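Each residue of the sequence shown is one higher than the last, beginning at 1 in the UniProt record's numbering. Cβ atoms here follow ideal geometry from the backbone N, Cα and C, with glycine treated the same way. The structure presented is a predicted model; accordingly, all values stated were derived computationally and were not measured. The structure under discussion appears below in the form of C-alpha cells.
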Amino acid sequence: MDTFTLAKKLGLVKIITIERDLNDKIAKQPFDYIFVLDFEATCWDKQDVNKRPCEIIEFSVVLYSVLQNKILQSFQQYVMPIESPKLSDFCTNFTNITQQQVDNGVPLGTCLMLFTKWLNEQIRNYKVSVSGSINGCNSHRAVFATWSDWDLQTCLPNECKRKRIKKPDFFNSWIDVRLLYREHYCRRPKGLNGALTEIGLSFTGIEHCGLDDACNTAKLVGQMINDGVLLRVTKDLSLY
C-alpha cells in the first residue's frame with residue numbers, strides 16, 4: 001500500500017472537491033469586485049399631506065469579491081437631512097433610524113467626500129478600476145450595484161441637483177440586481193427579502209437598514225452567479 005493510500009485510509013488526507021462549473025461561471029464574469037450600495041431616505045405615510053422630496057439619511061456600501069464570494073469591506077454613514085430635518089414617525093418605524101442618528105450625521109456633501117475617500121482607499125488596496133474614478137488603469141474591474149435603479153437614478157441625482165452638489169462621475173453606471181433577477185428567474189419578487197426567499201436564502205439583519213440591505217443584496221448576487229447569471233451594467237447615465 002503506497003503512502004497516499006495509507007494516509008487516506010487513516011483519515012490523514014483531506015479531499016477537496018473543486019466546483020469546476022462554478023469556477024467557470026466566476027471566470028466569465030466581467031467584474032472582480034462589486035460595490036453594492038443602498039440608501040435609506042426620508043419618507044412619509046401615503047396619507048401624509050406634508051410630504052417633501054426625499055433626502056438620504058443613511059448611505060451604505062459594501063465591497064463584495066466575486067471570486068471569494070464574500071464581503072471584504074463596508075462603509076456606513078448617517079446623513080443629516082436639511083430640507084426636512086425632523087424625521088416622520090413613519091420614517092423612523094420603517095427604517096429604524098432615529099432622530100439622534102441623523103442629528104449626529106453629516107450633510108450629504110460631506111458624506112460624499114467621506115465616501116470618495118473610502119472608495120479611493122479600496123481602489124488602492126485591492127487594485128480595482130471603477131469607471132469615473134481615479135486609478136482607472138488597475139487590472140481588477142469593479143462596478144456599483146443596487147437593488148433597483150432608484151438609489152442612483154432618482155434619489156441621489158435629484159438631491160444633488162436641489163442642493164447644488166456635484167454628483168461624482170463614478171455613480172453614472174451600475175448594475176440593477178433586481179432587473180437581472182427578473183430576467184433570469186422570470187419572476188417579479190416582492191422586494192429584496194422576497195427574492196432571497198424564492199431562491200432558498202434568508203434575509204440576515206434588519207430590513208430597510210441600508211447596511212443590512214447592501215449585505216443581503218451582495219449575498220443574493222453570489223447565488224445569482226452560482227445560478228448562471230452573467231453580470232452586466234444595466235444603466236449608464238454617461239450615455240445620455
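Find the nearest neighbour of Ile206 within the set Lys235, Ala218, Phe94 and His184, judged by alpha-carbon distance.
As a working mapping, residue 206 is identified with position 206 in the sequence shown. When only C-alpha atoms are compared, the closest one is Phe94.
For the alpha helix (DSSP H) holding Leu72, just list the boundary residues, first then last.
Residue numbering aside, residue 72 sits at position 72 when the sequence shown is read from its first letter. It is not in any alpha helix (DSSP H) - Leu72 instead sits in the beta strand (DSSP E) that spans Lys70 to Tyr78.
Just checking, does the segment 77–93 make contact with the segment 186–196 on the three C-beta pairs under 8 Å criterion?
no
Please check the pair Phe170 and Val130, which I expect to be a contact at CB under 8 Å, by giving their CB distance rounded to whole angstroms.
What you label residue 170 is simply residue 170 of the sequence shown in a count that begins at 1. What you label residue 130 is simply residue 130 of the sequence shown in a count that begins at 1. Indeed they touch by this definition, with Cβ atoms about 5 Å apart.
Count the CB pairs spanning the segment 150–165 and the segment 52–65 that are closer than 8 Å, and state whether there are at least three.
yes
Between which residues of its own chain and Thr234 is the CB-CB distance below 6 Å, once the five residues before and five after are set aside?
Start at 1 with the first residue of the sequence shown, and residue 234 comes out as number 234. So the qualifying residues of the chain are Ile175, Asp176 and Leu179.
The segment 214–231 contacting the segment 60–72, beta-carbon criterion three pairs below 8 Å:
Touching, yes, given that three or more Cβ pairs across the two stretches are closer than 8 Å.
Please report the Cβ distance between Glu40 and Ile97, rounded to the nearest whole angstrom; I am assuming they are in contact, meaning their Cβ atoms lie under 8 Å.
As a working note, residue 40 is residue 40 in the sequence shown. As a working note, residue 97 is residue 97 in the sequence shown. Going by Cβ atoms, the distance from Glu40 to Ile97 rounds to 6 Å, so yes, they are a contact pair.
In chain order, what are the residue ranges of uninterrupted alpha helix (DSSP H) at least 4 long that sit wholly in the segment 161–215?
177–185 and 191–198
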